[in-house]
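Colleague: Structure in structure tokens, see below.
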Amino acid sequence: MTISRVMCRPTQPLKNVPSSGQKQNLRQKQKVVLVVGATGTGKSRLSIDLATCFPAEIINSDKMQVYEGLDIVTNKIPKEEQRGVPHHLLGTQNRNSEFTAADFCDKASLAIESITNREKLPIIVGGSNSYIEALVEKFGPRYDWCCLWVDVSMPVLHSYLTRRVDVMRECGMVNELRHFYSPNGDYTRGIRRAIGVPEFDSYFRREAVSDRETRQRLLREAVCEVKRNTCELACKQLGRIHRLRSLKGWNIHRFCATPVFQNHAQDANHAWKNIVAHPSATVVAQFLNNANVASAAGHTLLPSTHTPHVS
Numbered sequence: 001m002t003i004s005r006v007m008c009r010p011t012q013p014l015k016n017v018p019s020s021g022q023k024q025n026l027r028q029k030q031k032v033v034l035v036v037g038a039t040g041t042g043k044s045r046l047s048i049d050l051a052t053c054f055p056a057e058i059i060n061s062d063k064m065q066v067y068e069g070l071d072i073v074t075n076k077i078p079k080e081e082q083r084g085v086p087h088h089l090l091g092t093q094n095r096n097s098e099f100t101a102a103d104f105c106d107k108a109s110l111a112i113e114s115i116t117n118r119e120k121l122p123i124i125v126g127g128s129n130s131y132i133e134a135l136v137e138k139f140g141p142r143y144d145w146c147c148l149w150v151d152v153s154m155p156v157l158h159s160y161l162t163r164r165v166d167v168m169r170e171c172g173m174v175n176e177l178r179h180f181y182s183p184n185g186d187y188t189r190g191i192r193r194a195i196g197v198p199e200f201d202s203y204f205r206r207e208a209v210s211d212r213e214t215r216q217r218l219l220r221e222a223v224c225e226v227k228r229n230t231c232e233l234a235c236k237q238l239g240r241i242h243r244l245r246s247l248k249g250w251n252i253h254r255f256c257a258t259p260v261f262q263n264h265a266q267d268a269n270h271a272w273k274n275i276v277a278h279p280s281a282t283v284v285a286q287f288l289n290n291a292n293v294a295s296a297a298g299h300t301l302l303p304s305t306h307t308p309h310v311s
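Heads up: the sequence shown begins at 1 in the UniProt record's numbering, then just goes up one per residue.
Here it is, written out as structure tokens:
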């Protein structure tokens, strides 16, 4: 089982979504959909659901997933789960390079232009809100933006994220990290900034010279630190989204996915479709058809009464 399957992504695309006229509107006006949320909330899942409903391509805006390598640690969506949807800026950058917000804006703008020139919809997805914020500030006036937020209550999300780290470990996280370990590694540049790399430094540094009991202790400590830092990251990402709404004045459609994480198997898939996927697709369809739907550039927001609100 891959890491991404922990999200219980449905294997079938959405159906019966109102999307008439979308191609004509894409020709008339350049529009972009943003999908934001804390790590682990289902942003990639939603972006692919949407891209199977509309003529769309996905642009990754996750700071660590832009780099090549560490697919398990950075939780890149596997090729077989992308459902044939083209992905841009996913594992394309040299692992040792420094990919800044300015670099992202340059490459993402080229991808947006390429996608819209082919009469398709760019969907930008990722937890690195600083990248998305920089892009909107730089290119916002040139496009219409519709921003979707997949939210999960923090206690529920933290429980899921700790389990996800355990699944990552079962899928080979430690061996994957071992190949990236360097005694002189710089944890301030490139993919080595990813959660998991610095946390395992002490374990790999002392692994060869420690007894079995010490190695097990160091491993437990490293895994616990990864879990703790991942949960802290989720809190920071949530805070940035609230800042975009309150201080920046972004109009954002919030979809609460908490019930998805509180159910299992088919019940979770059913909840996802009913409270996240289908309502999001309806909002995007209205956005493409020039209905009264909000964008991050400041248009009027339709009330999001179709989703439950969980704090």
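For each residue, glycine too, the CB sits at the ideal point set by N, CA and C. On a predicted model such as this, the values are computed, not experimentally measured, just so you know.
#1: So, helix, strand or coil for N25, using DSSP?
#2: Please go through the region 155 to 195 and give each complete alpha helix (DSSP H) segment of 4 or more residues, from N-terminal end onward.
#3: Can you find the residues in the same chain that come closer than 7 Å, C-beta to C-beta, to Y203, ignoring five residues on each side of it along the sequence?
#4: Going by the beta-carbon positions, is the gap between V284 and Y143 smaller than 9 Å?
#5: Could you give the residue range of the beta strand (DSSP E) that holds D151?
#6: Start and end of the beta strand (DSSP E) containing F255?
#7: Please classify S44 as buried or exposed, where buried requires at least 16 neighbouring CB atoms within 10 angstroms.
#8: Bridge partners of N123, per DSSP?
#9: Whole-angstrom Cβ separation of Q216 and T39, contact assumed at under 8 Å?
#10: T52 to T92, Cα distance in whole Å?
#11: Out of curiosity, what's the CA-to-CA distance linking L70 and R212?
#12: Could you compute how far the alpha carbon of N274 sits from the alpha carbon of E57?
#13: Given that a residue counts as buried once 16 or more other Cβ atoms are within 10 Å of its Cβ, and exposed if not, what is L26?
#14: If you check the beta carbons only, do S109 and L89 fall under 9 Å apart?
#15: So, with DSSP's three-state summary, where would you put Q93?
#16: Which of the three DSSP states is assigned to H88 in this structure?
#17: Where does Y131 land, buried or exposed, given buried means 16+ other C-beta within 10 angstroms?
#18: Please classify D166 as buried or exposed, where buried requires at least 16 other C-beta atoms within 10 Å of its C-beta.
#19: From the DSSP secondary-structure annotation, give me the bridge partner or partners of Y203.
#20: Closer than 8 Å is the cut-off here; do at least three beta carbon pairs connect the region 165 to 182 with the region 193 to 208?
#21: Can you tell me the Cβ-Cβ gap for A257 and V125, rounded? I've got them flagged as a contact below 8 Å.
#22: Would you check if the distance between the CB atom of D49 and the CB atom of A265 is smaller than 9 Å?
#23: Which first and last residues belong to the alpha helix (DSSP H) in which P141 is found?
#24: Looking at I112 and F139, is the spacing between their C-beta atoms short of 9 Å?
#25: Could you name the residues of the same chain whose beta carbon sits closer than 7 Å to that of S97, not counting the 5 residues immediately before and after it, in chain order?
#26: Checking the sheet assignment: what are the DSSP bridge partners for Y131?
Modeller: Well, looking at it:
#1: The pLDDT assigned to N25 is 45, lower than 50, so where the model puts this residue is not dependable, and the model offers no usable value.
#2: 173 to 178
#3: L218, L219 and A222
#4: no
#5: D144 to D151
#6: I252 to C256
#7: Around the beta carbon of S44, 16 or more other beta carbons lie within 10 angstroms, which makes this residue buried.
#8: The question names Asn, but residue 123 is Ile in the sequence shown. Paired residue(s): V33 and I58.
#9: Here Q216 is actually not in contact with T39; their C-beta atoms are around 27 Å apart, not less than 8 Å.
#10: 23 Å
#11: 26 Å
#12: 23 Å
#13: The predicted model places L26 with a pLDDT of 44, which falls under 50 and marks its position as unreliable; any figure quoted below should be read in that light. So L26 ends up on the buried side.
#14: no
#15: Secondary structure at Q93: strand, using DSSP grouped into helix, strand and coil.
#16: strand
#17: Residue burial is scored here from C-beta neighbours: Y131 has at least 16 other C-beta atoms within 10 angstroms and is therefore classed as buried.
#18: exposed
#19: None; Y203 has no bridge partner.
#20: yes
#21: Going by Cβ atoms, the distance from A257 to V125 rounds to 14 Å, so no, they are not a contact pair.
#22: Contact flag unset, no.
#23: Counting along the chain, P141 falls outside any alpha helix (DSSP H), and DSSP gives it neither H nor E.
#24: Against a cut-off of 9 Å, the Cβ pair of I112 and F139 comes out as a contact.
#25: G190
#26: Note: Y131 sits in no beta bridge, so no partner.
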